[in-house]
Amino acid sequence: MLLLCNLTAGITVDKRQDHPVVGRFAPSPTGALHTGSLVAAVGSYLMAKQAGGRWLLRLDDLDKQRQVPGMADDIMRTLESFGLLWDGKVACQSRHLEAYRQAFEALQQKGVIYPCYCSRKEIAGSASAPHHEDDCIPYPGTCRGGISGGVKGASSVRSWRVIVPEEEICFSDLRKGRICQKLPIISGDFVLKRGNGEFAYQLAVVVDDYLTGVNQVVRGEDLLVSTPRQIYLQRLLGFPQPDYCHLPLVAGPDGSKLSKRDHLVSHQLGNVAGREQSLLVTALRFLSLTPPTELWGDSCGTILQWSVTHFHPLRP
Ligand code: GLU
Numbered sequence: 083m084l085l086l087c088n089l090t091a092g093i094t095v096d097k098r099q100d101h102p103v104v105g106r107f108a109p110s111p112t113g114a115l116h117t118g119s120l121v122a123a124v125g126s127y128l129m130a131k132q133a134g135g136r137w138l139l140r141l142d143d144l145d146k147q148r149q150v151p152g153m154a155d156d157i158m159r160t161l162e163s164f165g166l167l168w169d170g171k172v173a174c175q176s177r178h179l180e181a182y183r184q185a186f187e188a189l190q191q192k193g194v195i196y197p198c199y200c201s202r203k204e205i206a207g208s209a210s211a212p213h214h215e216d217d218c219i220p221y222p223g224t225c226r227g228g229i230s231g232g233v234k235g236a237s238s239v240r241s242w243r244v245i246v247p248e249e250e251i252c253f254s255d256l257r258k259g260r261i262c263q264k265l266p267i268i269s270g271d272f273v274l275k276r277g278n279g280e281f282a283y284q285l286a287v288v289v290d291d292y293l294t295g296v297n298q299v300v301r302g303e304d305l306l307v308s309t310p311r312q313i314y315l316q317r318l319l320g321f322p323q324p325d326y327c328h329l330p331l332v333a334g335p336d337g338s339k340l341s342k343r344d345h346l347v348s349h350q351l352g353n354v355a356g357r358e359q360s361l362l363v364t365a366l367r368f369l370s371l372t373p374p375t376e377l378w379g380d381s382c383g384t385i386l387q388w389s390v391t392h393f394h395p396l397r398p
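This is how it looks when you write it as structure tokens:
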């Protein structure tokens, strides 16, 4: 399969026949875990373990500007304190740059990528369609046919975009059911690499999951809108499609989406005995699981063990 030989240098690829399910949790170290990310961690852990599979941890550390020093360690310590112990070594996107480059090149060779010279302002100005849920203005395809006269040089390339198909991309989400999306309406030709050479999340996540043998992606519903773009890239690259399960989002007291600053789990832990257990039970309740009260005084590991056998993704 494409990329398999040289992409994997230094990266462990799971053998699917040995470990049928490989799930993962992929936080960005831009802030400490909040209640919402704890729910995603617990949900992905329970689904992988329930299937007798492995659960990997990956740090999505591509966006250097948004990263906060110390957060990667803080996230790992927090997961450990809840008994959410990952299998194998922690993967980091910053160590996969060569793999992204190769995937990008493979797409270039397929002729589906073009340079784009449009600024955000120009795109916003030319948008005829309303903004979508992820606040992304579908790119109208201005640079798809090349720039006439060739007046713009390589230095003014703002991004590289992938051409999206007209036909719908559909998939079956384990919780949400069948989801179909027309990429020209949602995103238009989307960015794979920025002018400064940074690879975009959509490409990185597809390559990461493939490299690490992930075949079950369980994450928050805020990422549902991105999934068809990721499936489209998997199809172009010849990668297998993981199973997807998008969990409901934990809302703030006013119903709004939790920000990185809200409900920080590590701040709530302090030195209070039993605090981990009660926060874990809160996250489990959100996933419609109520461990028997006699377990609450036990370790998080014991509560998780009970939860692995009782969890059902369709319940929330
Ligand atoms: N790193 C992303 C985030 O924290 C999640 C990526 C994913 O689960 O695909 O929102």
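Numbers 83 to 398, taken from the working numbering, label the letters of the sequence shown in order. C-beta atoms are modelled at their ideal positions from N, C-alpha and C, and glycine is treated no differently. As the structure is a computational prediction, the values presented were derived from the model and not from experiment.
{"Asked": "Beta-carbon spacing of Leu366, Thr372 below 9 Å", "Found": "yes"}
{"Asked": "C-alpha distance - Ala206 paired with Ile219, whole-angstrom precision", "Found": "7 Å"}
{"Asked": "Burial state of Ile385, where buried means 16 or more other Cβ atoms lie within 10 Å", "Found": "buried"}
{"Asked": "Beta-carbon spacing of Val239, Cys174 below 9 Å", "Found": "no"}
{"Asked": "Any non-hydrogen atom of ligand 1 closer than 8 Å to Pro220 Cβ", "Found": "no"}
{"Asked": "Trp378 in three-state terms, based on DSSP", "Found": "coil"}
{"Asked": "Distance between Asp290 and Leu26 (C-alpha atoms, nearest Å)", "Found": "There is simply no residue 26 to check, as the chain begins at 83 and stops at 398 in what is shown."}
{"Asked": "In chain order, each beta strand (DSSP E) run of at least 3 residues that lies wholly inside the segment 264-291", "Found": "272-276"}
{"Asked": "Gln175 - DSSP class collapsed to helix/strand/coil", "Found": "helix"}
{"Asked": "Bounding residues of the beta strand (DSSP E) (the contiguous stretch that carries Gly302)", "Found": "298-302"}
{"Asked": "Cα-Cα separation, Val332 to Gly228", "Found": "44 Å"}
{"Asked": "Ala173 beta carbon near ligand 1 (any heavy atom closer than 8 Å)", "Found": "no"}
{"Asked": "Alpha-carbon to alpha-carbon, Pro322 and Gln298", "Found": "11 Å"}
{"Asked": "Bridge partner(s) assigned by DSSP for Trp137", "Found": "Gly105"}
{"Asked": "One or two residues paired with Trp242 in a DSSP bridge", "Found": "Pro197, Lys275"}
{"Asked": "DSSP three-state assignment for Leu318, whether helix, strand or coil", "Found": "helix"}
{"Asked": "Nearest-angstrom Cα separation, counted from Arg260 out to Gln191", "Found": "32 Å"}
{"Asked": "Beta-carbon gap between Leu369 and Val124 smaller than 9 Å", "Found": "yes"}
{"Asked": "Contact test: Arg226 Cβ vs ligand 1 heavy atom, cutoff 8 Å", "Found": "no"}
{"Asked": "Boundaries (first-last residue) of the beta strand (DSSP E) holding Phe253", "Found": "251-255"}
{"Asked": "Limits of the alpha helix (DSSP H) - the one that Asp155 falls within", "Found": "153-163"}
{"Asked": "First through last residue of the beta strand (DSSP E) which encompasses Leu371", "Found": "First-last for Leu371: undefined, no H or E at that position."}
{"Asked": "First and last residue of the uninterrupted beta strand (DSSP E) at Tyr326", "Found": "325-329"}
{"Asked": "Beta carbon of Asp155 nearer than 9 Å to that of Ala108", "Found": "no"}
{"Asked": "Residue environment, Ile267, which counts as buried when at least 16 other CB atoms sit within 10 Å", "Found": "exposed"}
{"Asked": "Arg301 CB to nearest heavy atom of ligand 1 below 8 Å", "Found": "yes"}
{"Asked": "Where Arg397 sits in the DSSP three-state scheme", "Found": "coil"}
{"Asked": "Close-in-space but distant-in-sequence residues of the same chain around Val95 (CB under 6 Å, 5 per side omitted)", "Found": "Only weak support is given to the placement of Val95: the predicted model assigns it a pLDDT of 42, under 50, and the question is left unresolved by the model."}
{"Asked": "For Gln132, the first and last residue of its enclosing alpha helix (DSSP H)", "Found": "117-132"}
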